[in-house]
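Engineer: Residue numbers (full-length UniProt numbering): 1 to 621. Each residue gets a CB set at the ideal place from its N, CA and C atoms; glycine is no exception. Please read these numbers as outputs of a predicted model, since none were measured by experiment. Right, I'll just put the structure down here and ask away after.
Next comes the structure, spelled out in structure tokens:
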């Protein structure tokens, strides 16, 4: 994936930079908050290279990317650096709309827990590995090395309120460092000593409940939520010169006692009540709960509702040492992996088989979105088979009382978290889910698109577009320049592909191919075309001209429009570029260069507009 190019396409097709309020990513998804969702072109985003699917969950606009989500997110943030800071509030003139309370809660939980999952998953896997080493008598709990490793695995869970305070501060719009300072007070030795003594505790006559906040989840979420409102209220009335000192001071002095007196005990009670409800459900509706939850959890993941269970599971593991429900996440994910593997076994399309096998492997490790959106939902029946596999595996897991002893990714990579008395039953439930989903997919089948190469050959059609010889024509007149002579290393090193540069002598860019306009950058300094013969062409006007913000550039075309060789595309002020000491070279890149046997310049020196400048040669058969 060419991250910078894909990032620019996503920004354009999601409604432009001004339409993006905030952006973060989880393991496989880009999660956007948009000012106006109607401005996003869902069809174009679905067809963007690197995007496996689009999902709208509440007020979040999500793009499913897969394993390359982190570098792509960085590439987008590089082009929108203001989003690296705390999410900005919508502009005063932004349309206000009534938000669904359920969507607000789900989005909030997603935004808080997604960033911290790598930390707790890594620590959870280490915790499981240590349990396995102890069970095999390879490591003794009294060993100092074990104790250090145990501290590493337990640290993030013991100090969970500190981690959550920082993440929740970002999400709720509170100062995350003030949030951590408030959470840290709950662990201060003075308080823990008071709590341990067992004597009544009061704060100016108000009773303080002696509860332990170690490993707790819900109290700190409620406290930081309150902090966000108190901070804003104090900030509004505080004179500007005093804000830096007194806004955090008053926020801490107000919110921390309220947390100790009211919010903390309420959160502990609520967390224990939710945990008790889960335990009751497992004890009284075991197999039925496994069928219902194991068979529908993938649907919950699509909507983001599964984040409601995350704090409950973490609370169970911290308080009880195990969680009886987390295994259902495992079986649901293995069901998706099995269905994708069934598509691999049944499909006759080489591209589909390759994608199905790779996404099946990712899903088996616990990253399901590529398999769900790229394969199973796309072919419909495999998704139903995946749900059936999850239901069968869930029923078996609940019947055998399978437990999870640490928090980790819900897949084969998280198997160490299952190590314990029910370990073998856990492995069996995963196998059942995968096997049932795969076999059902093979038996039930699915409607598959015809393989383009085979269909074209049977119909006597020409070879696929990218396999044909072609010429690219000069979009401007001027002096030809090899790419390695450019000052920009991205183009000089042919990171985007092979091509040519032209130092122009006029300020009008014309089409170098007959084809379709794929995208026009917001700043109008670049665009992409796809020729009728299959060449994917990026044209970039000048070096570092993105900083001009579109000044001096005029677009004559729009995305989706079909153009012919010589048709005007963009006008640009050549003299203004030179006056600002900007290199005006027009760069023509074939971004799918790897599909051609050779790409060579036609000539050297001067070239006229609409004169052939590049020859694309089909690969040898």
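Name the DSSP beta bridge partners of residue 615, please?
Structural biologist: Here the question's residue 615 lines up with position 615 in the chain shown. In DSSP, residue 615 forms a bridge with 471, 600.
Engineer: Work out the CA separation of residue 591 and residue 533 for me, nearest whole Å.
Structural biologist: By 1-based counting over the chain shown, the position of residue 533 is 533. By 1-based counting over the chain shown, the position of residue 591 is 591. Cα to Cα, the separation comes out at about 14 Å.
Engineer: For a test of the three-state rule: what should DSSP assign to residue 569, helix, strand or coil?
Structural biologist: Start at 1 with the first residue of the chain shown, and residue 569 comes out as number 569. In the structure shown, residue 569 sits in a strand (DSSP, three-state: E or B).
Engineer: Taking contact to mean at least 3 C-beta pairs separated by less than 8 Å, is the segment 29–40 in contact with the segment 1–20?
Structural biologist: Verdict: yes, contact present.
Engineer: Below 8 Å on the Cβ atoms is my guess for residue 62 versus residue 31; work out the distance and round it to an integer in Å.
Structural biologist: Residue mapping note: residue 62 aligns to position 62 of the chain shown, counting from 1. Residue mapping note: residue 31 aligns to position 31 of the chain shown, counting from 1. The Cβ separation is near 5 Å, so the contact holds.
Engineer: Please list, in chain order, all residues of the same chain as residue 412 whose beta carbon is under 6 Å from its beta carbon, the five residues on each side excluded.
Structural biologist: Sequence index remark: in the chain shown, residue 412 carries index 412 (1-based). Cβ within range, chain order: 364, 365.
Engineer: Pick out whichever of 268, 359, 222, 395 has its Cα sitting closest to the Cα of residue 289.
Structural biologist: For the purposes of this step, residue 289 is identified with residue 289 of the chain shown, where counting begins at 1. Nearest C-alpha to residue 289: 395.
Engineer: When the distance is taken between beta carbons, is residue 433 closer than 7 Å to residue 293?
Structural biologist: The sequence position of residue 293 within the chain shown is 293, counting from 1. The sequence position of residue 433 within the chain shown is 433, counting from 1. For residue 293 and residue 433, no; Cβs fall outside 7 Å.
Engineer: Would you mind stating whether residue 510 and residue 530 have Cβ atoms separated by less than 7 Å?
Structural biologist: If you number the chain shown from 1, residue 510 lands on position 510. If you number the chain shown from 1, residue 530 lands on position 530. No, the Cβ-Cβ distance between residue 510 and residue 530 is not below 7 Å.
Engineer: Give every residue of the same chain whose Cβ lies closer than 6 Å to the Cβ of residue 456, excluding the five residues on either side of it in the sequence, and list them in chain order.
Structural biologist: Locating residue 456 in the chain shown gives position 456, where the first residue counts as 1. Bear in mind that the predicted position of residue 456 carries a pLDDT of just 40, short of 50, making it unreliable; the figure below should be weighed with that in mind. If we look at residue 456 and ignore the five residues flanking it on each side, it has no Cβ neighbours.
Engineer: Would residue 447 be called buried (16 or more neighbouring beta carbons within 10 Å of its own) or exposed?
Structural biologist: By one-based count along the chain shown, residue 447 stands at place 447. Exposed is the call here.
Engineer: So residue 388 and residue 436 are supposed to be a Cβ contact under 8 Å. How far apart are they, rounded?
Structural biologist: Here residue 388 corresponds to residue number 388 of the chain shown, with the count starting at 1. Here residue 436 corresponds to residue number 436 of the chain shown, with the count starting at 1. Residue 388 to residue 436, Cβ: 6 Å. Contact.
Engineer: Going by C-alpha to C-alpha distance, which of 507, 375, 494 sits closest to residue 599?
Structural biologist: On the chain shown, position 599 is the one that residue 599 refers to. Comparing Cα-Cα distances from residue 599 to each of 507, 375, 494, the minimum goes to 494.
Engineer: Measuring CB to CB, does residue 128 end up less than 7 Å from residue 406?
Structural biologist: Here the question's residue 128 lines up with position 128 in the chain shown. Here the question's residue 406 lines up with position 406 in the chain shown. Yes. Within cutoff.
Engineer: What is the rounded straight-line gap between the Cα of residue 140 and the Cα of residue 419?
Structural biologist: For the purposes of this step, residue 140 is identified with residue 140 of the chain shown, where counting begins at 1. For the purposes of this step, residue 419 is identified with residue 419 of the chain shown, where counting begins at 1. About 16 Å.
Engineer: In terms of alpha-carbon separation, which member of 217, 187, 144 lies closest to residue 112?
Structural biologist: One-based indexing of the chain shown puts residue 112 at position 112. Nearest of 217, 187, 144 to residue 112, Cα basis: 217.
Engineer: Which word fits residue 226, buried or exposed, when buried means at least 16 other C-beta atoms lie within 10 angstroms of its C-beta?
Structural biologist: As a working mapping, residue 226 is identified with position 226 in the chain shown. Buried, because 16 or more other Cβ atoms sit within 10 Å of the Cβ of residue 226.
Engineer: Count Cβ pairs between the segment 536–549 and the segment 576–583 that sit closer than 8 Å; are there 3 or more?
Structural biologist: Yes, the segment 536–549 touches the segment 576–583.
Engineer: Is the beta carbon of residue 265 closer than 7 Å to that of residue 209?
Structural biologist: Position 209 of the chain shown, counted from the first residue, corresponds to residue 209. Position 265 of the chain shown, counted from the first residue, corresponds to residue 265. Yes.
Engineer: Could you tell me whether the Cβ atoms of residue 123 and residue 167 are closer together than 7 Å?
Structural biologist: Taking the chain shown and counting its residues from 1, the one referred to as residue 123 is at position 123. Taking the chain shown and counting its residues from 1, the one referred to as residue 167 is at position 167. No, they are not a contact pair.
Engineer: Are the segment 600–607 and the segment 552–560 in contact at 8 Å, needing three or more beta carbon pairs?
Structural biologist: The segment 600–607 is not in contact with the segment 552–560.
Engineer: My guess is that residue 499 and residue 587 are in contact by the Cβ rule of under 8 Å, so how many angstroms apart are they, rounded?
Structural biologist: Residue 499 sits at position 499 when you count from the first residue of the chain shown. Residue 587 sits at position 587 when you count from the first residue of the chain shown. Correct: roughly 7 Å between the Cβ atoms.
Engineer: Identify which residue in 328, 312, 329 has its Cα closest to the Cα of residue 321.
Structural biologist: Locating residue 321 in the chain shown gives position 321, counting from the first residue. Closest option to residue 321, Cα to Cα, is 312.
Engineer: If you check the beta carbons only, do residue 602 and residue 617 fall under 7 Å apart?
Structural biologist: By 1-based counting over the chain shown, the position of residue 602 is 602. By 1-based counting over the chain shown, the position of residue 617 is 617. Contact flag unset, no.
Engineer: Taking the straight line between their C-alpha atoms, what separation do you get for residue 392 and residue 421?
Structural biologist: On the chain shown, residue 392 is found 392 positions in, with the first residue counted as 1. On the chain shown, residue 421 is found 421 positions in, with the first residue counted as 1. Taking the straight line from one Cα to the other gives about 21 Å.
Engineer: What does the alpha-carbon distance come out to for the pair residue 73 and residue 19?
Structural biologist: On the chain shown, residue 73 is found 73 positions in, with the first residue counted as 1. On the chain shown, residue 19 is found 19 positions in, with the first residue counted as 1. Those two C-alpha atoms are separated by around 16 Å.
Engineer: Please name the residue, chosen from 193, 143, 222, that lies closest to residue 172 on a Cα-to-Cα basis.
Structural biologist: Here residue 172 refers to the residue found at position 172 of the chain shown. Measuring from the Cα of residue 172, the nearest candidate turns out to be 222.
Engineer: Between the C-alpha atoms of residue 285 and residue 317, what's the straight-line distance to the nearest angstrom?
Structural biologist: As a working note, residue 285 is residue 285 in the chain shown. As a working note, residue 317 is residue 317 in the chain shown. So the alpha carbons of these two residues sit roughly 21 Å apart.
Engineer: Taking the alpha-carbon of residue 43 as reference, which of 439, 518, 424 has the nearest alpha-carbon?
Structural biologist: Position 43 of the chain shown holds residue 43. It is 518 whose Cα lies nearest to the Cα of residue 43.
Engineer: Measuring alpha carbon to alpha carbon, tell me which residue in 120, 195, 273 is nearest residue 163.
Structural biologist: Position 163 of the chain shown holds residue 163. That would be 120, whose Cα lies nearest to the Cα of residue 163.
Engineer: Can you tell me where the alpha helix (DSSP H) holding residue 491 begins and where it ends?
Structural biologist: Taking the chain shown and counting its residues from 1, the one referred to as residue 491 is at position 491. Residue 491 -> alpha helix (DSSP H) spans 489–492.
Engineer: Shortest alpha-carbon distance to residue 301 belongs to which of 65, 372, 440?
Structural biologist: The count along the chain shown starts at 1 and reaches residue 301 at position 301. The option with the nearest alpha carbon to residue 301 is 372.
Engineer: Counting only the same chain and skipping the five closest in sequence on each side, list residues whose C-beta sits under 8 Å from that of residue 522.
Structural biologist: Along the chain shown, one-based indexing puts residue 522 at 522. Closer than 8 Å at Cβ, skipping near neighbours: 11, 12, 16, 17, 550.
Engineer: Let me know the secondary structure DSSP gives residue 658 once reduced to three states.
Structural biologist: An answer regarding residue 658 cannot be provided, because it is not within the stretch 1 to 621 covered by the chain.
Engineer: For a test of the three-state rule: what should DSSP assign to residue 581, helix, strand or coil?
Structural biologist: By one-based count along the chain shown, residue 581 stands at place 581. In this structure, residue 581 counts as coil in the three-state DSSP scheme.
Engineer: Report, in whole angstroms, the separation of the C-beta atoms of residue 328 and residue 297, which I expect to be a contact under 8 Å.
Structural biologist: Taking the chain shown and counting its residues from 1, the one referred to as residue 328 is at position 328. Taking the chain shown and counting its residues from 1, the one referred to as residue 297 is at position 297. Sure, about 6 Å apart at Cβ, within 8 Å.
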